[in-house]
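J.:
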């Protein structure tokens, strides 16, 4: 189909759907209204389980199976991307060439800020049940924090810092740990992903039962996944070459 | 606390995930046979668990509120997993198909490391979760899990340029469908403030359907319709099937596509069943089903590439299944369910046979294979048996399901129903028979040199390495699947069980009452078992006979001048299937607009 | 205007889809898909918003019985964002391989799956 035909078809379909959507928005409650039925159920349930961060309570306690599904999508996508970016039959991985130079001051900024970012990331993960944050957010901070070495330095420096296999193990450990903790819930509390650990005092770090534990497992998993994902892309771009080709 | 049968549902989702994570890491360290064995054992365990679940569910529903969050009153914060007879049956089918696919892949795929096996386990877990979930957002989540694993599995052979292209087309369109569904969920959530299917159904109740209800329905159904390959949201399926490895195609055509229709049915009956009138929805999906069946059958006839041919036949059958569902009656949906099981058996066997052909001869192009497979006696026998089963010969499950569905169309007053079913089955079965006759028997006009030179979509490289005799694992997988397709028609009382399952599916208010308040459904009324009727047998033999005629016409097409009048129409139809992602998305929106018009205009 | 936020969300979804339709580069198409997805997030968060309510995290400043915005949509959105990053990465990996095998990422030039 030529370009014009395609655009006309889209205009037709998109036009009808847009009209329907706009009509539907007139039937929604006003933006900023105070009627939120699910919130009125979720907040007391979170408080009942001594979880100060209601979002984490929803994610890891009340709707934990959703989060289990989402973090499985994460692992599956990363495994899939790693499979798709693997060296094919006629390719092999080489040593990354030394590409370019960076300023000393830039590298210093990286060296100083990386540990700060990592500590921040660990903090976000560990306090996931009681302050804004959690495994997903903290894991991303940790993974990208590690890559500050690449952004401010060189790729070989990054390679020295992050051997890929431990992070693959971390990713799998996090995801499998989530599944196993859920299965354990069947024996201890009678329901998959039941919150069976002691609930502790509201607002303290050792509260919320399984929420903190699941959050930490997800943090481990997201850290591992992001590292593996980025390393696959880097390897595909920088290190993988056709067998027998020059650098 | 001791686990109950209901706990089998999350177990069946969580255990494959855990095993997949293990294999993703240890895959390179373990020997290939260990990886194969672990994966196979896991899926065998899943199959056994789902069979137990099906048996214990009987004609009722098994459910569990995950995390222990049982609702109080009509509202709750938790998510439930529910198995009614239909979803339990689908869960068993997922297990059996995945086990057979992995058995075939034992000797077939050259997979290094554990990635392929891990992705297959993630895929199976996603499908099982989708089938059990009783929460709209959760269904979208498992839908995306199915999708992510499927995109990677489609493009798995990265050396094949068509595989990665097919994978990307598949990925973009299905993901967009999932996001549009999510938008629909958001709209519905904004109005109702709940996400669970029973709660949504109770809250929407007997509301007058306004623009928001229609808009959310159209958006939510879009994702499922993309998955179910209803025209014009079907383009991705042919691309994906043509290039994915054969064991993966087994899961695609056997159960993944059917899950799209299941999603439509489940969400309609539990959430919108009381709000959107049955007549409107019936009309809408009848139209979509008929168009899908006709387009699928027409495209199927013109294919030279076996896997693409089988893909279009799946689209055609999905159209027929949609017509069966659209009747919104227990015999219509029950017949469709039996048909789906029979179809899964024979279609999967055909895909695995295609894999074998690709292995031995490096091609699945009909003209290139002309006469080459003459020495494959067993392969030919299995192929023709499966093709005849696809066309609807009794006592295959396809024929039984077809005849029950035909009866249902007549009871609902659609007298063109049997004609449509017979013709489409004959066309698709005939196309497959024609392929078999050319490849295994060498019949038909010899191809012209310029016809051979034409590039067919998906000129492939062999996916693995098979030499000499076909390994037992590959043959047994094919035989098991064929027997399953046959058994679906022979198991006594399967018609009645399917009708009861359909009754449970249709009973949306009963679903809500049981999940929210624990009200048990009444035992289903004893009804006469839907068995082979004489009309059914006659029509099945008719469709098989017609299929043989269609195959013959295809083999000696050049001599049948009068058929050539159809060539411009077919050519036009083929030209629409461009493989261009922009076209696919444009057609997606046209499809949404069509559904919106079909559902919305009668309500204005 | 009380529906403005919803209209913005709808516009993002539409313009993202339009991006895929008119795309001449597969990476552009995948990024347009992310734009469409961002539209769904805006819709979710807009549906859950309440004026003059605080964030759904309790601590020393927010006591457990103050009004908060809807935490459920926030939970849905935050997990979805991380997941969509990886699914986008998966699609981009496919695009990388297409570029390698076909030498082009222009959908108009990719002709292997016609018919």
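Residue numbers (the numbering used here), protein chains in the order written: chain A, 2 to 248; chain B, 505 to 1108; chain C, 89 to 203. We put the beta carbon where it would ideally sit given N, CA and C, even for glycine.
1) Assuming residue 778 of chain B is part of the alpha helix (DSSP H), what are its boundary residues?
2) By how many angstroms is the C-alpha of residue 140 of chain C removed from the C-alpha of residue 149 of chain C?
3) Whether or not the region 1032-1047 of chain B and the region 885-903 of chain B are in contact is what I'm after, with contact meaning three or more pairs of Cβ atoms, one per stretch, closer than 8 Å; do they touch?
4) Can you pull out the residues from the region 52-83 of chain A whose beta carbon lies closer than 8 Å to at least one beta carbon of chain B?
5) Alpha carbon to alpha carbon, what distance is there between residue 665 of chain B and residue 871 of chain B?
6) So, for residue 687 of chain B: in the same chain, excluding its five sequence neighbours on each side, which residues have a beta-carbon less than 7 Å away from its beta-carbon?
7) Is residue 105 of chain C close to chain B, meaning its C-beta is less than 8 Å from at least one C-beta of that chain?
8) Is residue 578 of chain B helix, strand or coil by DSSP?
9) Identify, in the order they occur along the chain, each residue of the same chain with its Cβ nearer than 7 Å to the Cβ of residue 842 of chain B, setting aside the five sequence neighbours on each side.
10) Does any CB atom of chain C fall closer than 8 Å to the CB of residue 26 of chain A?
11) Only counting the same chain, and skipping five residues up and downstream in sequence, which positions put a Cβ closer than 6 Å to that of residue 622 of chain B?
12) Looking at the C-beta of residue 122 of chain C, does it have a partner C-beta in chain A at a distance below 8 Å?
13) Nearest-angstrom Cα distance between residue 566 of chain B and residue 771 of chain B?
14) In this structure, does DSSP put residue 216 of chain C in helix, strand or coil?
15) Which residue comes first and which comes last in the alpha helix (DSSP H) that contains residue 740 of chain B?
16) Taking the alpha-carbon positions, what's the residue 837 of chain B to residue 828 of chain B distance?
17) In the DSSP assignment, find the beta strand (DSSP E) that holds residue 93 of chain A and state where it starts and stops.
18) Based on DSSP bridge pairs, tell me the residues matched to residue 241 of chain A.
19) Look up residue 1023 of chain B in the DSSP assignment and say whether it is helix, strand or coil.
20) Going by CA-CA distance only, name the one from B:653, B:698, B:696 that's closest to residue 678 of chain B.
21) Rounded to the nearest angstrom, how far is the Cβ of residue 143 of chain C from that of residue 32 of chain A, given a contact under 8 Å?
22) Residue 882 of chain B: buried (16+ other C-beta within 10 angstroms of its C-beta) or exposed?
23) Counting C-beta neighbours from all protein chains within 10 Å, is the total for residue 1042 of chain B 16 or more, i.e. buried, or is it exposed?
24) Could you tell me which chain A residues have their CB closer than 8 Å to the CB of residue 90 of chain C, listed as they occur along the chain?
25) Using the Cβ count rule (16 or more neighbours within 10 Å means buried), how would you classify residue 599 of chain B?
26) Going by C-alpha to C-alpha distance, which of C:197, C:181, C:189, C:103 sits closest to residue 672 of chain B?
27) Examine chain C for any beta-carbon lying closer than 8 Å to the beta-carbon of residue 43 of chain A, and answer yes or no.
28) Hey, could you find the ends of the beta strand (DSSP E) residue 509 of chain B is sitting in?
29) Quick one: what does DSSP say residue 809 of chain B is sitting in, helix, strand or coil?
30) In whole angstroms, what separates the C-alpha of residue 649 of chain B from that of residue 806 of chain B?
31) Go ahead and pull the three-state DSSP assignment for residue 997 of chain B.
32) From the DSSP secondary-structure annotation, give me the bridge partner or partners of residue 587 of chain B.
33) Distance check for residue 156 of chain C and residue 667 of chain B, CA to CA, integer angstroms please.
34) Please classify residue 885 of chain B as buried or exposed, where buried requires at least 16 other C-beta atoms within 10 Å of its C-beta.
35) Would you list, in chain order, the members of the region 180-194 of chain C that have their beta-carbon closer than 7 Å to a beta-carbon of chain B?
36) In whole angstroms, give me the CA-to-CA distance for residue 725 of chain B and residue 690 of chain B.
T.: Taking the structure as given:
1) Residue 778 of chain B sits at position 274 when you count from the first residue of the second chain. Counting along the chain, residue 778 of chain B falls outside any alpha helix (DSSP H), and DSSP gives it neither H nor E.
2) Start at 1 with the first residue of the third chain, and residue 149 of chain C comes out as number 61. Start at 1 with the first residue of the third chain, and residue 140 of chain C comes out as number 52. Distance between the alpha carbons of residue 149 of chain C and residue 140 of chain C: 15 Å.
3) yes
4) 59, 62, 63, 64, 65, 66, 67, 69, 70, 71, 73, 74, 76, 77, 78, 80, 81, 82, 83
5) Along the second chain, one-based indexing puts residue 871 of chain B at 367. Along the second chain, one-based indexing puts residue 665 of chain B at 161. Cα to Cα, the separation comes out at about 22 Å.
6) To locate residue 687 of chain B, count along the second chain from 1; it is residue 183. Result list for residue 687 of chain B: 723, in chain order.
7) As a first step, residue 105 of chain C must be located in the third chain, where it is residue number 17. It does; some Cβ of chain B falls within 8 Å.
8) As a first step, residue 578 of chain B is located in the second chain; it is residue number 74 there, counting from the start. Reduced to three states, the DSSP call for residue 578 of chain B is coil.
9) Position 338 of the second chain holds residue 842 of chain B. Within the same chain, residue 842 of chain B has close Cβ partners 901, 904, 905, 908, 992, 998, 999, 1002.
10) Taking the first residue of the first chain as 1, we reach residue 26 of chain A at position 25. Yes - at least one Cβ of chain C is within 8 Å of the one on residue 26 of chain A.
11) Here residue 622 of chain B corresponds to residue number 118 of the second chain, with the count starting at 1. Only 524, 527, 528 meet the Cβ criterion.
12) By one-based count along the third chain, residue 122 of chain C stands at place 34. Not closer than 8 Å to any Cβ of chain A, the Cβ of residue 122 of chain C fails to qualify, so no.
13) Here residue 566 of chain B corresponds to residue number 62 of the second chain, with the count starting at 1. Here residue 771 of chain B corresponds to residue number 267 of the second chain, with the count starting at 1. Computed Cα separation, rounded: 18 Å.
14) Outside the shown range of chain C (89 to 203) lies residue 216 of chain C, about which nothing can therefore be said.
15) Here residue 740 of chain B is taken as the residue at index 236 of the second chain, counted from 1. Its alpha helix (DSSP H) spans residues 739-747.
16) Counting from 1 along the second chain, the entry for residue 837 of chain B is found at position 333. Counting from 1 along the second chain, the entry for residue 828 of chain B is found at position 324. Roughly 6 Å separates the two Cα atoms.
17) Mapped onto the first chain, residue 93 of chain A falls at position 92. It spans 92-94 - the beta strand (DSSP E) in which residue 93 of chain A sits, taken as one unbroken run.
18) Within the first chain, numbered from 1, the residue matching residue 241 of chain A stands at position 240. Per DSSP, A:94.
19) Along the second chain, one-based indexing puts residue 1023 of chain B at 519. Residue state, collapsed to three classes: coil.
20) As a first step, residue 678 of chain B must be located in the second chain, where it is residue number 174. Measuring from the Cα of residue 678 of chain B, the nearest candidate turns out to be B:653.
21) Within the third chain, the letter at position 55 stands for residue 143 of chain C. Within the first chain, the letter at position 31 stands for residue 32 of chain A. Not confirmed; about 18 Å, so no contact.
22) Counting from one through the second chain, the residue named residue 882 of chain B turns up at place 378. Its Cβ having fewer than 16 others within 10 Å, residue 882 of chain B is exposed.
23) Looking up residue 1042 of chain B in the second chain gives position 538. When all chains shown are included, residue 1042 of chain B counts as exposed.
24) As a position in the third chain, residue 90 of chain C is number 2, starting the count at 1. The answer, in chain order, is 31, 32, 33.
25) Within the second chain, the letter at position 95 stands for residue 599 of chain B. Residue 599 of chain B should be labelled buried.
26) Translated into positions along the second chain, residue 672 of chain B becomes position 168. Among C:197, C:181, C:189, C:103, the Cα nearest to that of residue 672 of chain B is on C:181.
27) Taking the first residue of the first chain as position 1, residue 43 of chain A is located at position 42. Yes - at least one Cβ of chain C is within 8 Å of the one on residue 43 of chain A.
28) Along the second chain, one-based indexing puts residue 509 of chain B at 5. Careful: residue 509 of chain B lies outside any beta strand (DSSP E) and carries neither H nor E.
29) In the second chain, counting from the first residue as 1, residue 809 of chain B sits at position 305. Residue 809 of chain B: strand per DSSP, three-state reduction.
30) In the second chain, the residue the question calls residue 649 of chain B occupies position 145. In the second chain, the residue the question calls residue 806 of chain B occupies position 302. Those two C-alpha atoms are separated by around 34 Å.
31) In the second chain, counting from the first residue as 1, residue 997 of chain B sits at position 493. Reduced to three states, the DSSP call for residue 997 of chain B is coil.
32) Counted from its first residue, the second chain places residue 587 of chain B at position 83. Per DSSP, B:566.
33) On the second chain, residue 667 of chain B is found 163 positions in, with the first residue counted as 1. On the third chain, residue 156 of chain C is found 68 positions in, with the first residue counted as 1. One C-alpha to the other measures close to 49 Å.
34) Taking the first residue of the second chain as 1, we reach residue 885 of chain B at position 381. If you draw a 10 Å sphere on the C-beta of residue 885 of chain B, you find fewer than 16 other C-beta atoms in it, and that means exposed.
35) 182, 183, 185, 186, 189, 190
36) In the second chain, residue 725 of chain B corresponds to position 221, counting from 1. In the second chain, residue 690 of chain B corresponds to position 186, counting from 1. Cα-Cα distance, rounded: 13 Å.
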